[in-house]
Amino acid sequence: TAVDPEYRLVARELERRWDESLRADEQLQADYARFQRDCPTQLSSQESEQICALSQDLPALWRADTTTPEDRQTVVRLLLEQVTVTIEGNTDRVDVELRWAGGFVSRHTLSRPVQTYEQLSNYDELVARIDALRAQRKTLSEIAETLNAEGFHPPKRSRQFTPAILSRFLRERGVRIGQLPRSVSDNGHLEADEWWLADLAAKLAMPIARLHRWQRVGWVTSHKVAEAGVAGPSTPTPTSCFAFAVSATNHAAGLSLTRRN
5 TAVDPEYRLV ARELERRWDE SLRADEQLQA DYARFQRDCP TQLSSQESEQ
55 ICALSQDLPA LWRADTTTPE DRQTVVRLLL EQVTVTIEGN TDRVDVELRW
105 AGGFVSRHTL SRPVQTYEQL SNYDELVARI DALRAQRKTL SEIAETLNAE
155 GFHPPKRSRQ FTPAILSRFL RERGVRIGQL PRSVSDNGHL EADEWWLADL
205 AAKLAMPIAR LHRWQRVGWV TSHKVAEAGV AGPSTPTPTS CFAFAVSATN
255 HAAGLSLTRR N
């Protein structure tokens with residue numbers, strides 16, 4: 005096609021750009037053909053069977069040495085649509101809600117590391133259990149073994165109780181190590197409706213320290229008793245054990261503390 009002489013320079017530039025675009029298009033098509041040849045979009049029957057086998061045992065796939073952290077992230081993104089984490093106050097209790105692909109929702113309760121015993125959601129239960137085991141004359145090793153078997157755990161990142169951890173915990177509560185509380189088997193000094201401190205704490209499922217505090221502020225009636233079977237002066241030497249007067253007519257716990265106003 006004849007081109008006006010005034011526009012020949014423009015025509016040559018347009019033709020050059022057109023040729024470059026054609027060469028780029030040919031290169032892209034060649035690259036795409038090579039990609040399809042080297043990385044086919046259709047899985048082979050063997051590859052499909054391998055994927056199906058892996059999907060039947062996701063825990064094994066997750067724990068496999070060949071599964072990288074990036075692979076695990078990919079699996080999570082494919083399987084989970086939403087994760088909701090709720091911490092119960094300042095405690096160690098964590099509620100996790102998982103919304104899976106397909107609509108299924110599962111709920112789980114986890115424990116997070118906390119700094120203090122008081123932050124444990126089962127702190128009162130833990131203290132009452134330790135007091136009850138000490139009342140049974142259990143050693144620190146036996147108490148630690150029992151607590152671990154029953155699912156209790158210390159704060160921070162300690163996984164299990166040890167005698168050393170228990171000893172430190174008891175010292176922090178002001179309990180002298182080796183000084184075991186009286187048990188119900190030693191009831192020769194008890195009057196009607198009286199309980200030894202450790203037995204009452206176990207019965208009410210509360211820490212001994214709380215009963216000590218109630219005794220100090222006068223909320224419960226208590227008196228010291230003499231050490232049984234120990235010879236001494238006419239005025240017996242008192243021990244650190246208290247007998248707490250209680251009423252046996254409580255509708256909830258079966259007991260109620262005698263409280264002075």
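Numbering (the working numbering), first residue to last: 5 to 265.
Glycine included, every Cβ here is placed at the ideal spot set by N, Cα and C.
| Item | Value |
| --- | --- |
| Proximal residues to leucine 47 (C-beta, below 6 Å), its chain only, five neighbours per side dropped | none |
| Limits of the unbroken alpha helix (DSSP H) element including threonine 78 | 73-83 |
| Cβ distance (whole Å) where phenylalanine 165 is taken to contact alanine 148 below 8 Å | 4 Å |
| Beta-carbon gap between arginine 81 and valine 98 smaller than 9 Å | no |
| Limits of the unbroken beta strand (DSSP E) element including arginine 67 | Arginine 67 -> not in any beta strand (DSSP E); alpha helix (DSSP H) instead, spanning 62-67. |
| Spatial neighbours of leucine 170 in its chain, beta-carbon cut-off 7 Å, leaving aside the 5 residues before and after | Leu144, Ile147 and Ala148 |
| The alpha helix (DSSP H) enclosing glutamate 149, as first and last residue numbers | 144-153 |
| Where proline 63 falls, given that 16 or more other Cβ within 10 Å makes a residue buried | exposed |
| Euclidean distance between Cα positions of tryptophan 223 and glutamine 86 | 51 Å |
| Tryptophan 223 - DSSP class collapsed to helix/strand/coil | coil |
| Beta-carbon gap between glutamate 154 and arginine 177 smaller than 9 Å | no |
| Whole-angstrom distance between asparagine 94 and leucine 124, CA atom to CA atom | 9 Å |
| Supposed close pair leucine 137, tryptophan 104 - CB separation, criterion 8 Å | Their Cβ separation, rounded to whole angstroms, is 42 Å, which puts leucine 137 and tryptophan 104 out of contact at 8 Å. |
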